[in-house]
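Numbering (my numbering), first residue to last: 7 to 174.
Ideal Cβ positions, reconstructed from N, Cα and C, are used throughout, including at glycine.
Note sheet for the following structure.
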């Protein structure tokens, strides 16, 4: 199948497109009670994700339209945290494989950085996301198993961990 998108690292020039992608999915599609004020990291992804050693990737169409995102926060301790994993509704699914390619990009970066554990928080209503993470080897864990350095988001109530193991 011909790829209708490419995965690339994003910088602050994409902040408006990132907001236009993420906020409607959170607020309208899934009625998650979050606002831009509750996630100011979206206004400066370079400072919040890239400079501390993480990254922020986007799936972009040939017309440079952002249709998916994923972010890696580096929190030390050979640990990464997935944030801002979203794909526009009309571009979801296994056929296009956007979510998979975004996650694969993040995992490849984690392996390059010798990150051995990846954590993420999500919410209970995102059942398709839970299945996607579990299909990719993530294990649902209780909140009590999160490390104390995990940057928890207020709305999150379901947590996952993927152990990548020691890198050779």
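**Continuous alpha helix (DSSP H) stretch holding residue 31: start and end** = No alpha helix (DSSP H) holds residue 31; DSSP gives it neither H nor E.
**Request:** Indicate whether residue 112 and residue 147 have their beta-carbon atoms separated by less than 7 Å.
**Result:** no
**Asked** Based on Cα-Cα distance, which residue from 72, 12, 109, 88 lies nearest to residue 128?
**Response** Looking at the Cα atoms, 88 is the closest of the given residues.
**Request:** Hey, could you find the ends of the beta strand (DSSP E) residue 78 is sitting in?
**Result:** 72-80
**Asked** Among the residues of its own chain, which have a CB less than 6 Å from the CB of residue 125, if the five just before and after it don't count?
**Response** 87, 156, 167
**Asked** Three-state secondary structure (DSSP) at residue 67?
**Response** strand
**Asked** DSSP on residue 95, reduced to helix/strand/coil?
**Response** helix
**Item:** Same chain, Cβ closer than 6 Å to residue 31, neighbours up to 5 away in sequence not counted
**Value:** 92
**Item:** Cβ neighbour criterion (16 or more within 10 Å) applied to residue 79
**Value:** buried
**Request:** Indicate whether residue 102 and residue 23 have their beta-carbon atoms separated by less than 7 Å.
**Result:** no
**Prompt:** DSSP beta-bridge partners for residue 12?
**Reply:** 66
**Message:** Rounded to the nearest angstrom, what separates residue 90 and residue 143 at their Cα positions?
**Reply:** Distance from the CA of residue 90 to the CA of residue 143, rounded to the nearest whole angstrom, comes to 19 Å.
**Item:** Cβ distance (whole Å) where residue 120 is taken to contact residue 66 below 8 Å
**Value:** Rounded, the Cβ-Cβ distance is 28 Å, inconsistent with contact.
**Message:** To the nearest angstrom, how far is the alpha carbon of residue 16 from that of residue 57?
**Reply:** 13 Å
**Asked** With a CB to CB cut of under 6 Å and the five nearest residues on each side skipped, what residues in its chain are close to residue 104?
**Response** 65, 74, 93, 97
**Request:** Output the distance between the C-alpha atoms of residue 135 and residue 52, rounded to the nearest integer angstrom.
**Result:** In a straight line, the C-alpha of residue 135 is about 26 Å away from that of residue 52.
**Where the alpha helix (DSSP H) through residue 107 begins and ends** = 104-118
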